[in-house]
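When we follow full-length UniProt numbering, the leftmost residue of the sequence shown carries the number 1, and every step to the right adds one.
By construction, the Cβ of each residue, glycine as well, lies at the ideal position given by its N, Cα and C atoms.
Notes for the one structure printed next.
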Amino acid sequence: MVKKQVKQKPAAKPKRPTATEKKIIEQVWQRPPVVVVLGHVDHGKSSLLEAIKDFNITKKESGGITQHIGAYEVEHTGKKITFIDTPGHEAFSAMRTRGASVADIALLVVDAAQSVQPQTKEAINAIKKAEIPMIVVLNKIDLPTADPEKIKRELAKIDVLVESMGGVIPSVEVSAKDKTGIDELLEMILLVADMQGLSADLDVPAQGLVIESRMDALKGPIATVIVEKGTLHGKDIIATDLAMAKIKLLQDFSGKIIDKALPSQPVVVLGFEKVPAVGETFATYKFAEDAALHLKNQAQKRAGAGTVLEVAGDKKIVNVILKGDVAGSIEAIEGMLKSLPQDQVILRILKTEVGDINETDVKLAEYSKAVIIGFRVKITPKVSQILSKDSTKRVRIKTFDIIYELIQEIRSGMEKSLEAETVRRDIGKIKAIIIFFAEKNRQIVGGKITEGEIKKGLKLDVMRGVEKVGGGRIINLQRDKKDMDRLVKGDECGILFEGNVKVEPQDILVAYVEERQKGVL
Numbered sequence: 001m002v003k004k005q006v007k008q009k010p011a012a013k014p015k016r017p018t019a020t021e022k023k024i025i026e027q028v029w030q031r032p033p034v035v036v037v038l039g040h041v042d043h044g045k046s047s048l049l050e051a052i053k054d055f056n057i058t059k060k061e062s063g064g065i066t067q068h069i070g071a072y073e074v075e076h077t078g079k080k081i082t083f084i085d086t087p088g089h090e091a092f093s094a095m096r097t098r099g100a101s102v103a104d105i106a107l108l109v110v111d112a113a114q115s116v117q118p119q120t121k122e123a124i125n126a127i128k129k130a131e132i133p134m135i136v137v138l139n140k141i142d143l144p145t146a147d148p149e150k151i152k153r154e155l156a157k158i159d160v161l162v163e164s165m166g167g168v169i170p171s172v173e174v175s176a177k178d179k180t181g182i183d184e185l186l187e188m189i190l191l192v193a194d195m196q197g198l199s200a201d202l203d204v205p206a207q208g209l210v211i212e213s214r215m216d217a218l219k220g221p222i223a224t225v226i227v228e229k230g231t232l233h234g235k236d237i238i239a240t241d242l243a244m245a246k247i248k249l250l251q252d253f254s255g256k257i258i259d260k261a262l263p264s265q266p267v268v269v270l271g272f273e274k275v276p277a278v279g280e281t282f283a284t285y286k287f288a289e290d291a292a293l294h295l296k297n298q299a300q301k302r303a304g305a306g307t308v309l310e311v312a313g314d315k316k317i318v319n320v321i322l323k324g325d326v327a328g329s330i331e332a333i334e335g336m337l338k339s340l341p342q343d344q345v346i347l348r349i350l351k352t353e354v355g356d357i358n359e360t361d362v363k364l365a366e367y368s369k370a371v372i373i374g375f376r377v378k379i380t381p382k383v384s385q386i387l388s389k390d391s392t393k394r395v396r397i398k399t400f401d402i403i404y405e406l407i408q409e410i411r412s413g414m415e416k417s418l419e420a421e422t423v424r425r426d427i428g429k430i431k432a433i434i435i436f437f438a439e440k441n442r443q444i445v446g447g448k449i450t451e452g453e454i455k456k457g458l459k460l461d462v463m464r465g466v467e468k469v470g471g472g473r474i475i476n477l478q479r480d481k482k483d484m485d486r487l488v489k490g491d492e493c494g495i496l497f498e499g500n501v502k503v504e505p506q507d508i509l510v511a512y513v514e515e516r517q518k519g520v521l
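The structure is reproduced here in structure tokens:
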């Protein structure tokens, strides 16, 4: 019997994705991680970034302190990573917190040769609040005094448990100086990013966050933004709640002109009509009229929510006009100024603005009797000319390169506005034992010093039990019939007392001085 051959069905060809499926695949794109660098002021954050790629940050900053947020892009094993460098000085806690909120991963940089500092703890709180993964970077392990295990134990005490201590937080030991451990750090960042499965939709209107902004004398308002989703193109129209831009130019972090920016990419935007605020989100609009309508609506909301400053009682008021080179610094300074004690003196910030000190500032300062405070800005030649020609214009202008010096100057100015007050300070006590002589308003009193010291000329309160019965002063001071300038606790003494009350045995004579002290906030 011949078996009937059965035709086998040809193997099914792989199914090609439909146009819709293809579009979805193209839209969902694995984006690079955005990494924020946090830590104490001198634990080597900027040096670490220099080691990763030659950013050369610290040489550009006053006092060797990184004072602005910057965003930088690097590539490792064919994959990109965006870094946000945040300032470490205490003046920038608000900027550090905002930096953590935009990032996917946080690097907590700790000097392995020192210890956990208060700003280290503050950075940890910012990371936890942002709810993003943390990588502990133990820097400066090249130093002979480096003790990474000690740092890990200190971190464990504040609920940061690294993997080698039984926790889940990865840690990497590096030397930014010797450039060791850098590859391991970058690989760890990419590993953590892969575990998060970071992705973004490319085919939607671009949205993102302003992380820095400033006024450039030649280019006008400039903002550094990070694209969070969508694709930002070089001719797009974007707007925040405060400012809009018909984009004229896009630049990457190195200054290269680019046509578009993808999610997680830091980019410099030129074309804003005014300087946007740091921390604002931006959205893309098809028409300029739509962006303008958004600005108008937001302005109306702000106007409706406005508050009026009420001045209670007879408190002193110090008016300030604040100018800065970038919006991020102004925001940080303003936050610190508002935290100064204002129980006795009210600090009123009349104006905050990015840019050099100009004629408008001087006119407002003159009218309002305000002091103009500038941070890393210049005084325009026109203002210098006006002030040099007209000596009647008593406008105070002070400029600074270091923020904590600026804050201290403002505090000192507030304290100077307070009237000096008389403060009493007790010096010593005498227990009256015997009265040798009494005539009119003078007595010779014998006694023993029970507290402190006694000097000729001091004022006295006469205490009988718990009641003050009068007062006077020491005309002369003796021991063993010899005149003395000063006697101390335990000495027996005789004093020539002049006052408005007759001293009796067992009275306590409290010696004190009154000092004029300048006002303290």
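Inter-residue spacing [alpha-carbon to alpha-carbon] between residue i and residue j
{"i": "Arg-424", "j": "Tyr-404", "result": "33 Å"}
{"i": "Lys-246", "j": "Ile-169", "result": "44 Å"}
{"i": "Phe-400", "j": "Ile-330", "result": "12 Å"}
{"i": "His-40", "j": "Leu-155", "result": "14 Å"}
{"i": "Gly-220", "j": "Glu-212", "result": "14 Å"}
{"i": "Ala-130", "j": "Ala-106", "result": "10 Å"}
{"i": "Pro-205", "j": "Lys-229", "result": "8 Å"}
{"i": "Pro-33", "j": "Leu-190", "result": "8 Å"}
{"i": "Thr-180", "j": "Val-174", "result": "5 Å"}
{"i": "Arg-464", "j": "Val-501", "result": "11 Å"}
{"i": "Ala-332", "j": "Thr-281", "result": "18 Å"}
{"i": "Leu-143", "j": "Val-225", "result": "37 Å"}
{"i": "Glu-421", "j": "Lys-369", "result": "25 Å"}
{"i": "residue 563", "j": "Gly-335", "result": "Because the chain is modelled from 1 through 521, residue 563 falls outside the range shown and cannot be assessed."}
{"i": "Met-134", "j": "His-43", "result": "17 Å"}
{"i": "Leu-337", "j": "Ile-407", "result": "7 Å"}
{"i": "Asp-241", "j": "Gln-298", "result": "6 Å"}
{"i": "Leu-487", "j": "Glu-415", "result": "37 Å"}
{"i": "Ile-474", "j": "Asn-125", "result": "59 Å"}
{"i": "Leu-460", "j": "Tyr-512", "result": "6 Å"}
{"i": "Gly-255", "j": "Gly-166", "result": "44 Å"}
{"i": "Val-278", "j": "Asp-426", "result": "53 Å"}
Where residue i falls: helix, strand or coil (DSSP)
{"i": "Val-377", "result": "coil"}
{"i": "Gly-167", "result": "coil"}
{"i": "Val-383", "result": "helix"}
{"i": "Val-192", "result": "helix"}
{"i": "Leu-138", "result": "strand"}
{"i": "Leu-48", "result": "helix"}
{"i": "Met-336", "result": "helix"}
{"i": "Leu-463", "result": "A small correction: the amino acid at residue 463 is Met; Leu does not occupy that position in the sequence shown. Reduced to three states, the DSSP call for Met-463 is strand."}
{"i": "Pro-148", "result": "helix"}
{"i": "His-89", "result": "The pLDDT assigned to His-89 is 49, lower than 50, so where the model puts this residue is not dependable; a value taken from the coordinates is nonetheless given after this. DSSP places His-89 in coil when its eight states are reduced to three."}
{"i": "Gln-408", "result": "helix"}
{"i": "Gly-221", "result": "Gly is not the amino acid found at residue 221; the sequence shown has Pro there. Strand, per DSSP."}
{"i": "Val-102", "result": "helix"}
{"i": "Glu-289", "result": "helix"}
{"i": "Ile-132", "result": "coil"}
{"i": "Thr-120", "result": "helix"}
{"i": "Asp-325", "result": "coil"}
Contact belief for residue i with residue j at Cβ below 8 Å, rounded distance in angstroms
{"i": "Leu-350", "j": "Asn-319", "result": "5 Å"}
{"i": "Gly-471", "j": "Gly-499", "result": "6 Å"}
{"i": "Ile-272", "j": "Ala-223", "result": "Reading off the sequence shown, one finds Phe at residue 272, where the question assumed Ile. Phe-272 to Ala-223, Cβ: 6 Å. Contact."}
{"i": "Val-354", "j": "Met-215", "result": "4 Å"}
{"i": "Leu-49", "j": "Asp-85", "result": "6 Å"}
{"i": "residue 526", "j": "Ile-372", "result": "Nothing in the structure corresponds to residue 526, since the chain is present only between 1 and 521."}
{"i": "Ile-81", "j": "Leu-186", "result": "7 Å"}
{"i": "Lys-316", "j": "Leu-418", "result": "7 Å"}
Beta bridge counterpart(s) of residue i as assigned by DSSP
{"i": "Asn-71", "result": "Inspection of the sequence shows that residue 71 is occupied by Ala rather than by Asn. The partner list for Ala-71 (beta bridge, DSSP) reads Ile-84."}
{"i": "Pro-266", "result": "Ile-226"}
{"i": "Ile-238", "result": "Ala-245, Thr-284"}
{"i": "Arg-396", "result": "Val-371"}
{"i": "Met-215", "result": "Pro-221"}
{"i": "Lys-179", "result": "Bridge partners of Lys-179: none, in fact."}
Proximity winner among the options, relative to residue i (alpha-carbon distances)
{"i": "Ala-112", "options": "Pro-148, Leu-186, Met-215, Ile-211", "result": "Pro-148"}
{"i": "Lys-260", "options": "Leu-232, Asp-241, Lys-286", "result": "Leu-232"}
{"i": "Gly-452", "options": "Val-510, Val-503, Leu-496, Ile-444", "result": "Val-510"}
{"i": "Lys-448", "options": "Gly-465, Glu-439, Gln-478", "result": "Gln-478"}
{"i": "Ala-217", "options": "Leu-198, Leu-270, Val-110, Gly-167", "result": "Leu-270"}
{"i": "residue 528", "options": "Gly-328, Ala-239, Val-371, Gln-265", "result": "This structure leaves residue 528 out entirely; the chain is present only between 1 and 521."}
{"i": "Leu-202", "options": "Lys-157, Gln-265, Lys-274", "result": "Gln-265"}
{"i": "Ile-435", "options": "Phe-375, Ile-379, Phe-497", "result": "Phe-497"}
{"i": "Leu-387", "options": "Arg-376, Val-268, Ala-365, Ile-402", "result": "Ala-365"}
{"i": "Lys-378", "options": "Lys-389, Ile-397, Asp-356", "result": "Asp-356"}
{"i": "Lys-152", "options": "Lys-323, Thr-120, Val-383", "result": "Thr-120"}
{"i": "Lys-431", "options": "Ile-397, Lys-389, Pro-505, Ser-412", "result": "Pro-505"}
CB contact below 8 Å: residue i versus chain E
{"i": "Val-34", "result": "Among the protein chains of the structure shown there is no chain E, as only one such chain exists."}
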